[in-house]
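Note sheet for the following structure.
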């Protein structure tokens with residue numbers, strides 16, 4: 232969570248993985264996820280840092296969450312060319328209501344054999360039948376305020 236405030240530089244990523252490993256009481260994580268992608272981050276530095284985690288056995292694989300298609304392509308290309316690893320999994324918002332990833336993220340994942348794992352598959356309950364079409368937004372808000 233601190234990445235949202237401090238960024239994905241080497242110092243912060245190294246601190247974050249050390250703290251995670253300590254909290255989890257383990258020597259490694261299977262997948263090191265970057266849970267957001269900032270266009271302001273230094274992709275080369277971030278890729279080198281994660282490559283070191285993998286090389287040192289602190290993480291086995293790298294994953295991205297909440298990445299747009301061009302961001303996924305940029306990160307995966309830099310990782311492949313500079314450090315000889317690639318993104319193994321993408322976890323993005325996707326369901327029958329929100330289907331933006333069908334344009335570029337999912338096709339890219341298919342082409343590069345990257346696992347795609349959607350989150351919010353029932354659109355926060357919207358697709359479960361929890362909400363009726365006749366209810367207005369105001370009625371829904373009042374229900375949750377009580």
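Numbering (my numbering), first residue to last: 232 to 377. We put the beta carbon where it would ideally sit given N, CA and C, even for glycine. Keep in mind the model is a prediction, meaning the values are calculated, not measured.
Here's a check: name, in chain order, each residue in its chain whose Cβ is nearer than 8 Å to the Cβ of residue 326, leaving out the five neighbours to either side.
349, 351, 352, 353, 354, 358
Rounded to a whole number of angstroms, what is the C-alpha to C-alpha distance between residue 288 and residue 317?
16 Å
Taking the Cβ atom as the reference point for each residue, do residue 346 and residue 319 lie within a distance shorter than 8 Å?
yes
Rounded to whole angstroms, what's the CA-CA distance from residue 249 to residue 268? Just pull it up for me.
21 Å
Of the residues 284, 254, 265, 258, the one placed nearest residue 238, counting alpha carbons only:
265
6 Å Cβ shell around residue 232 - same chain, five flanking residues per side excluded
With a pLDDT of 45 at residue 232, under the threshold of 50, the modelled position of this residue cannot be trusted, and the question is left open.
Taking all protein chains shown into account, decide if residue 336 is buried (16 or more other Cβ within 10 angstroms of its Cβ) or exposed.
buried
Quick one: using the 10 Å Cβ neighbour count with 16 as the cut-off for buried, is residue 263 buried or exposed?
buried
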